[in-house]
Every structure is written in C-alpha cells, then in structure tokens.
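So in our numbering, the last one in the sequence shown is 1327, and the numbering has no gaps at all.
Ideal placement from N, C-alpha and C gives every residue a C-beta, glycine not left out.
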Amino acid sequence: MKMNLQSVNFNADQKLIDFTQKKLDKLENYFDKIIHADVFFKVQNTSAKENKITEILISVPGGDLMVKKTCSKFEACVDECVNSLQRQLIKRKEKMSAHV
C-alpha cells in the first residue's frame, strides 16, 4: 500500500516510518481495495505526557476513513489507529458484500 507520511514539528526517523508501513500493510488482510494512506504525526507543545497526535486517513472506494489518536508514544498511537481502522474496514467490507 502506498503511504504518504508527514511529521509536523519534528523529523520522523526511519524506524517509525517502517513500523507504520508494516502496520498499515496488515490492513490489506481485512480490505483489499485500499487505495492509499495519509499519515500525520504531530507533537503538541504542552506539558502533558500525552502530547503526540497521530492521524491516519485511508482512501477506499465509497469514501475515506479517518482516525485520530493522542498518546505518549507514536507507536502506541499507530497501534490504536490501526485497530480502529481494522474495525471500520471490516464493517465497510460487510456492507459492500451485503449489496452484491
């Protein structure tokens, strides 16, 4: 799957990029018509521990799916986003197969 990644207020290292790509590739097991994914990593300038925001936008036929999570580590955010997207993709697939 093609992934566009943007990191705001910091530079993402290759390890984080590879981790994100690997997690997103697993989503194709649940829905094989994914066009591409846009991933945004942001760091908020706050004193709170949970200051890292991850947004993932996935383009699929019939509309886009968007998930936004805030955590203390980007890896945890990516895990939460992927789990949420997995549920959404399964629902989308069930709806599509019900119409056929």
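Residue j beta carbon less than 8 Å from that of residue i
| i | j | result |
| --- | --- | --- |
| K1279 | K1295 | no |
| K1250 | V1309 | yes |
| L1292 | Q1313 | no |
| I1285 | I1261 | yes |
| E1321 | C1298 | no |
In DSSP terms, what residue i is bridged to
| i | result |
| --- | --- |
| M1230 | A1264 |
| K1269 | V1235, I1280 |
Local Cβ density within 10 Å of residue i, reported as buried at 16 or more and exposed below that
| i | result |
| --- | --- |
| A1264 | buried |
| T1273 | exposed |
Cβ-Cβ separation, residue j to residue i (assumed contact under 8 Å), whole Å
| i | j | result |
| --- | --- | --- |
| V1182 | N1236 | The structure shown does not extend to residue 1182, since the chain spans only 1228 to 1327, so no value can be given for it. |
| L1232 | I1244 | 6 Å |
Hey, which unbroken runs of the alpha helix (DSSP H) at 4 residues or more fall wholly within the region 1280–1327? 1301–1326
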